[in-house]
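Numbers given in the working numbering equal positions in the sequence shown, counted from 1, plus 65.
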Amino acid sequence: MENREPLPGGDPEADAGRAGGKGAPVPAMRTVLRVAAYPFLLAGAVSVAATALCLDWDPDRVSPLFLLGVISYFTVLERLIPHRRSWHPNAGEWYWYGVYFVLTAVSSAFAQYLVSVAVSEVSPSESDLNLWAEIPAALLTGSLASYLVHRLGHTNAILWRLHGVHHVPEKVNVANNGVNHVLDIVLAQGTVQLALALVGFSRDSVFVVGLFVAAQGYFIHANIDVRIGRLNHVLASPEQHRLHHSTDLSEAGHYGSDLSIWDHAFDSYTWRPGREPVAVGLGDPAAFPRTGEIVASLLHPLRRAKGPGTGSV
Numbered sequence: 066m067e068n069r070e071p072l073p074g075g076d077p078e079a080d081a082g083r084a085g086g087k088g089a090p091v092p093a094m095r096t097v098l099r100v101a102a103y104p105f106l107l108a109g110a111v112s113v114a115a116t117a118l119c120l121d122w123d124p125d126r127v128s129p130l131f132l133l134g135v136i137s138y139f140t141v142l143e144r145l146i147p148h149r150r151s152w153h154p155n156a157g158e159w160y161w162y163g164v165y166f167v168l169t170a171v172s173s174a175f176a177q178y179l180v181s182v183a184v185s186e187v188s189p190s191e192s193d194l195n196l197w198a199e200i201p202a203a204l205l206t207g208s209l210a211s212y213l214v215h216r217l218g219h220t221n222a223i224l225w226r227l228h229g230v231h232h233v234p235e236k237v238n239v240a241n242n243g244v245n246h247v248l249d250i251v252l253a254q255g256t257v258q259l260a261l262a263l264v265g266f267s268r269d270s271v272f273v274v275g276l277f278v279a280a281q282g283y284f285i286h287a288n289i290d291v292r293i294g295r296l297n298h299v300l301a302s303p304e305q306h307r308l309h310h311s312t313d314l315s316e317a318g319h320y321g322s323d324l325s326i327w328d329h330a331f332d333s334y335t336w337r338p339g340r341e342p343v344a345v346g347l348g349d350p351a352a353f354p355r356t357g358e359i360v361a362s363l364l365h366p367l368r369r370a371k372g373p374g375t376g377s378v
């Protein structure tokens, strides 16, 4: 049985990412890390993509290795420049999150397999477009598909019973980014992959966009004290995604996990400088099993709903 995660409004001393602590980097180093962390991530994604394309590396090997590198990177940064120290996973949570991570990875691979079977050979090795013109188009297409299916996960009562599993934790950190219902991942990843395949983007462009999206997905979920300023109006960020997990649905919004332009376009953008949620998680914690109750969480959509509530704004 899972113990409840502490609410964000806990010990201010423990939650202050800027307060330092035993083993914390000196203030000047923390400042450098806050400024450099995101540009370094983007530079890393671009470097890996360019190297893989130039050397003809196998995307099926590069992508998972890149993902593990991103997770390791943010795991270290969460210790060096945390947003809230009380959001660090404890030993039990690391175990639960690890199990969910494996389930999420398997579900994502299964979704890709289903799409490849359904539209085999639709995505060409080469495209009529120049690769560097094709990449932005693929990013916009995949991002829009991701936004729409994510928003449906909050506004449709049936889909919310799948997606709500992700919103149970009362912390937001890189480890629990993988807390998802397997069917939610199959639906979300399958929709994005299907959209990209049907439009006919090349495998190279899908690979490059996939690296960026993976990096962004873990960036926005990271418990790090990083701000991106005006870039918030184009790119998704941890500042926005913490609001997405807010128990106050009037400020939640932010369904984009890579770009924030769709939140502007569809009126779900609520972030402003300095705005932070008072608490994250579910407004009604009893509506879903706790995160540690993994089997119960997976079976939850099959059970009778207690009420009509969703996680919509």
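A virtual CB, placed ideally from N, CA and C, is assigned to each residue, including glycine.
Predicted model only: the values in this text are computed from it and were never measured.
Per DSSP, reduced to three states, the secondary structure at Ser311 is strand. Boundaries of the alpha helix (DSSP H) harbouring His228: Ala222 to His228, taken from the DSSP string. For Phe266, no alpha helix (DSSP H) encloses it, and the DSSP letter there is neither H nor E. In the three-state reduction of the DSSP assignment, Val345 falls in the strand class. When the alpha-carbon of Trp197 is set against those of Val100, Phe266 and Arg292, the nearest one is in Phe266. Boundaries for Asp323: no alpha helix (DSSP H) harbours it, and the DSSP string shows neither H nor E there. Around the CB of Val237, 16 or more other CB atoms lie within 10 Å, so the residue is classed as buried. The criterion of a C-beta distance shorter than 8 Å is not satisfied by Asp323 and Gln258.
Its Cα nearest to that of Val164, the residue His246 stands out among Ala176, His246, Arg307 and Ser270. Between Arg99 and Asp290 the beta-carbon gap is near 6 Å, inside 8 Å, which marks them as a contact.
Counting along the chain, no alpha helix (DSSP H) covers Val299, and no H or E run does either. Residues of the same chain with a CB within less than 7 Å of the CB of Gly321, apart from the 5 flanking positions on each side, are Ser208, Tyr212, Ala301, Trp327 and Asp328 in chain order. Beta-bridge partners assigned by DSSP to Ile289: Pro147. In terms of Cβ geometry, Leu363 and Asp269 do not form a close pair [threshold 8 Å]. No residue range can be given for Tyr334, since it is assigned to no alpha helix (DSSP H) and is classified by DSSP as neither H nor E. Just so you know, the alpha carbons of Arg368 and His309 end up roughly 26 Å apart. In this structure, the CA atom of Val345 is about 28 Å from the CA atom of Leu276.
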